[in-house]
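Here's the structure we're looking at; comments come further down.
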Amino acid sequence: MSRASDSPADSQSAGTRLSRVIVLGVLLAAAWLLWSGYFKPLILMFGAFSCAIVLITAYRMHLFDSDVFELRFISRLFRFWAWLGNEVVRSSLEVTRIVLNPKLPIKPTVVEIDSHCEHPVDLTILGNSITLTPGTLTLSIDNRRFTVHALTENGARDIAGGEMDRRVRALRSG
Amino acid sequence: MDQGLINFVLDIISWILLTAGAFFVLVGGVGALRMPNLYTRMHAASVTDTMGAALVLGGMMVQAGLSLATIKLAAILLFLLITSPTSSYALAHAALLAGIKPDAGRAADPEGHA
Amino acid sequence: MYYVVTFATLVTMALALIRALIGPTVYDRVLTVNMFGTKTVLLLSVIAFLAGRPDFLDLALAYALINFIGVLAVLEFFKSREVRRQQERDVEQENPPGETG
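Take a look at the structure:
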């Protein structure tokens, strides 16, 4: 497998890549120990073997070329989740009010927005965040152009405002 | 602080979370039945997948306290919150490719649905 | 209090089943299968607490995994079927009566 050429922001030394491998490895080992609960040598060997396979697969998928497995990113991720959780609660209550309203006051709207994110990881996070928020749904992602289905015009306006796009972009580069 | 009082307060909190979660789960089911077409139904279903699941599992986490069960519940919640939008997107995209129109004129009046 | 959640989950499963029976397109049915799976995960975790058997949580996690992969696989199948049908339609339009392939 030849190494695909990455975007300039992603090219970095072997040292940072090794630290990412270690972060993922520690996460995997912790997960294994939590779920197995056995500490016999044979079982531990199985665990080490599984973790090694996952790490090798992740390496061949070029997963370590992006900064997803860095503690800095993970700490930022938690702040993003807090904001997203707030957003989800707000829009859940709105959708609940619509569903329980006998008149069902929906106004399905399709909006198209151009995201400022470029990296596939950012695009995935943005698309999933939009879908995760009740009331908005990503229909298709075509080369940074998002087609979003919104249940109400309010939700469509929120998406068109681009706040989420800004926050997702700040996740990795801010 | 009295241990009994703390347990009582935790019980109340988890009771509220569980009941609210049950409410949102139910809302999603009702919405999936009432909504007029596929895409709007998916909005209703996402209420159950996010709010419903988060509140129910959160309520059980409060009940379980600091234990292995809490970590497992958190893992289940995290997994659900990552996979449910992914499969929603796959579903919406597949339906779009299959030619199901999102029947949303940019300014169409939705009066017809009752 | 777990009974409230169990009841709500079961009612929602029933509603999803009704939607699966009437849901006009196949995608509505896939949506309800997905919903049903999520509800099953919730139900399994509630049962773990109701019966005091934490090992049910592992089942819930495994079920969430299987549900996700299953829905994606089914959608992939329908998508490829759709593509194939479209190709057949295109071929028919290009050379209407003639050779059959």
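Here the protein sequences come in this chain order: L, A and H. Numbering-wise, the first sequence is residues -15 to 158 according to the numbering used here. Numbering-wise, the second sequence is residues 26 to 139 according to the numbering used here. Numbering-wise, the third sequence is residues 254 to 354 according to the numbering used here. Quick reminder that beta carbons are idealized off the backbone N, C-alpha and C, glycines included.
Check                                                                                                                                                          : Outcome
Can you find a CB in chain A that lies within less than 8 Å of the CB of A313 (chain H)?                                                                       : yes
Does the distance from the C-beta atom of V72 (chain A) to that of G46 (chain A) stay below 8 Å?                                                               : no
Flag K126 (chain A) as yes if its beta-carbon sits less than 8 Å from any beta-carbon of chain H, otherwise no.                                                : no
Would you identify the three-state DSSP class for R129 (chain L), choosing helix, strand or coil?                                                              : strand
Let me know if P89 (chain L) comes out buried or exposed under the rule of 16 or more other beta-carbons within 10 Å of its beta-carbon.                       : exposed
On the three-pair Cβ rule with 8 Å, is the region 25 to 40 of chain L touching the region 49 to 64 of chain L?                                                 : no
Find the nearest neighbour of P277 (chain H) within the set A:L58, A:F49, A:F48, A:L43, judged by alpha-carbon distance.                                       : A:L58
In chain A, which residues lie less than 9 Å from R272 (chain H) when you measure between Cβ atoms?                                                            : G54, A57, L58, R66
Scan the region 88 to 116 of chain L and note each continuous beta strand (DSSP E) run of 3 residues or more that stays entirely inside, going in chain order. : 93 to 98
Could you list the residues in the region 78 to 105 of chain A with a C-beta less than 9 Å from some C-beta on chain L, going in chain order?                  : A79, L93, I96, K97, A100
Measuring alpha carbon to alpha carbon, tell me which residue in L:I125, L:E54, L:I27, L:G21 is nearest I6 (chain L).                                          : L:E54
Does the beta carbon of L122 (chain A) sit closer than 8 Å to a beta carbon anywhere in chain H?                                                               : yes
Can you list the residues of chain A that E335 (chain H) reaches, using a CB-CB cut of under 7 Å?                                                              : L122, A123
Am I right that G111 (chain L) and T122 (chain L) are in contact with their C-beta atoms under 8 Å? What's the rounded C-beta distance?                        : 4 Å
Any chance the CB of E335 (chain H) is under 7 Å from a heavy atom of the ligand ATP?                                                                          : The model depicted lacks the ligand ATP and carries no ligand whatsoever.
I'd like to know whether the C-beta atoms of T117 (chain L) and E71 (chain L) end up nearer to each other than 8 Å.                                            : yes
Would DSSP call A13 (chain L) helix, strand or coil?                                                                                                           : helix
What does DSSP give as the partner residues of S124 (chain L) in its beta bridges?                                                                             : L:T131
Can you tell which of A:L93, A:G84, A:M76, A:T75 has its C-alpha closest to the C-alpha of L310 (chain H)?                                                     : A:L93
T75 (chain A) CB to nearest chain H CB: under 8 Å?                                                                                                             : no
Looking at the secondary structure, which residues open and close the alpha helix (DSSP H) in which F53 (chain L) lies?                                        : Taken as a continuous stretch (DSSP letters only), F53 (chain L) belongs to no alpha helix (DSSP H), as it is neither H nor E.
Quick check: what's the CA-CA separation for F49 (chain A) versus P86 (chain L)?                                                                               : 17 Å
In chain H, which residues lie with their C-beta within 9 Å of the C-beta of L116 (chain A)?                                                                   : Y280, V283, L284, N287, V324, L328
Please say whether Y280 (chain H) and L239 (chain H) have beta carbons closer to each other than 8 Å?                                                          : Nothing can be reported for residue 239 (chain H): it is not among the residues displayed for chain H, which extend from 254 to 354.
Distance, Cα to Cα, E329 (chain H) vs L105 (chain A)?                                                                                                          : 20 Å
Suppose you measure from the CA of W227 (chain L) to the CA of Q88 (chain A); what does that come to, to the nearest Å?                                        : Residue 227 (chain L) is absent from the model: chain L starts at -15 and stops at 158.
Can you tell me which of the three DSSP states K126 (chain A) falls into?                                                                                      : coil
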